[in-house]
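One structure is given here, and the rest of the page talks about it.
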């Protein structure tokens, strides 16, 4: 079993913290998730795969540093790693790297706090050595409580959240717009030992009608994959023109493995609605044509 320190490193590669990222990071490969890699102009970042890289596609990248480009890239054919350095401030591009018959996407951005080494693990191998943990309902309730009191615990009892990480969205939340209501992600917490993420969201009713939903039906979409809740604290009803705070947790994957989800992912939150949705307004730009009344022929009543 890996130590808590190893688990933290495993998750850090795509986690957004208020402070600087770890210089050496490890992440499990997932072709459904874009991995953001900060690089610097005065340091080299090396991305290492488990085996030889088949191909690399990129825009705005130069191999010799003399040809115009935003990034300098070094790779030897047949090797399992690629090195990248930024050539301009605020530069950004993506690297599409082909390995093991799959394409993995990396968003490379210039940063003053770069990742110096990103070591990638094969998902199949990682799941073999890291089975999904068994988390009891009582433990899940405790994780919800920790998430609700995270800042206070971090200040006064830091040991209680030593294996946890948090992301606060602030003025740039991720919002799922569902026409007459929306789901706004306020905070996300990752509890590594339990492979559980707890979401603090706000549901806002934009209509004049009450909206009802199943409180046990929260679901998270990351890329093309769905993760279903393991626990939630939700009222199940949204009053008209009002907002409601909800906490729910995601543990493992639907097939029983570890999800190893990063806090840096783009999340979409879904929930099953039980009240009928509003009628859909149909807009048209067809001209209005006056209709003449139909008159019966002469001689008929």
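Residue numbers (the numbering used here): 3 to 303.
Glycine included, C-beta positions come from ideal geometry on N, C-alpha and C.
Every value quoted in this text rests on a predicted model; they were computed, and no experiment measured them.
Taking 7 Å as the cut-off, the beta carbon of residue 118 is found no closer than this to the beta carbon of residue 69.
Between residue 166 and residue 191, the C-beta gap is smaller than 7 Å, which places the two residues in contact. Within the region 149-237, complete alpha helix (DSSP H) segments of at least 4 residues are found at 152-158, given in chain order.
If you draw a 10 Å sphere on the C-beta of residue 196, you find 16 or more other C-beta atoms in it, and that means buried.
Annotated three-state conformation of residue 69 is coil, per DSSP. Only exposed fits residue 100, as fewer than 16 other CB atoms lie within 10 angstroms of its CB. Contact between residue 71 and residue 64 holds, with the beta-carbon distance rounding to 3 Å and staying under 8 Å.
A straight line joining the alpha-carbon of residue 271 with that of residue 153 spans about 23 Å. When 199, 187 and 77 are compared, the shortest CA-CA separation from residue 174 is found for 187. Where residue 51 is concerned, there is no enclosing beta strand (DSSP E), because DSSP gives it neither an H nor an E. Within the same chain, and ignoring the five residues on either side of residue 206 in sequence, the residues whose Cβ sits closer than 7 Å to its Cβ are 183, 184, 186 and 245. In this structure, 200 is the residue among 200, 74 and 239 with its C-alpha nearest to the C-alpha of residue 254. Taking every protein chain shown into account, the CB of residue 278 has fewer than 16 other CB atoms within 10 angstroms, so this residue is exposed. Closest in C-alpha terms to residue 114, from the list 40, 227 and 273, comes 40.
Spatial neighbours of residue 227 in its own chain (CB-CB distance under 7 Å, excluding positions within 5 residues in sequence) are listed in chain order as 34. Residue 38 is bridged by DSSP to 109.
From the listed residues 267, 281, 55 and 273, the smallest Cα separation to residue 168 is found for 267.
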